[in-house]
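Comments concern the structure below.
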Amino acid sequence: MQNPSGLLGKSATELRALIGNKQISPVELLDACIERIETLNPKINAFAATCFKRARDEALLAEHAVLQGKPLGLLHGLPIGIKDLEETAGVLTTYGSQLFRDNIPAQDNLFVARLRAAGAIVVGKTNVPELGAGANT
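Heads up: the sequence shown is residues 1 to 137, going by the UniProt record's numbering.
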């Protein structure tokens, strides 16, 4: 897959610096990630669920904060996938099991809440073995 902007080959530290310096926008970075996920996920099934609309709304807010010169968190504007073992508000969380195929938590667990408080933008839930029991994901 082409990555014309070269963004997806950069480290999180580099991307965060580019966002903070207004060289890239959180929306631009999110769009590159969504394009990559939409291209590859049908083949590799890395994401069990996505929340692109919510992520885009959050990226727009993150971009606005940058342009307004507001204080930015350590992960401000960085898209992130969350393992499907972590409860994420409003996003299907199955723990890799059909037993929880309709589970949509009302709130984030502490781990996810802290990531989001630092400015990370959740794009979806990544696949796991059933209930996390297994060595391969």
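Cβ atoms here follow ideal geometry from the backbone N, Cα and C, with glycine treated the same way.
With respect to Cys51, Val112 sits apart: the two C-beta atoms are not nearer than 8 Å. Excluding sequence positions up to five before and after Ile80, its CB lies within less than 8 Å of the CB of Leu115, Ala120, Ile121, Val122, Val123, all in the same chain and listed in chain order.
Ala89 and Ala106 do touch by the CB rule: their CB atoms are close to 6 Å apart, below 8 Å.
Going by beta carbons, Ala55 and Asp84 fall outside the 8 Å limit.
The criterion of a C-beta distance shorter than 8 Å is satisfied by Thr93 and Lys125. The C-alpha of Asn21 lies about 41 Å from the C-alpha of Glu130.
Going by DSSP, Thr50 is part of no alpha helix (DSSP H) but of the beta strand (DSSP E) stretching over 47-50. Within the same chain, Cβ atoms closer than 6 Å to the Cβ of Leu18 are found at Ile24, the five residues on either side in sequence being excluded.
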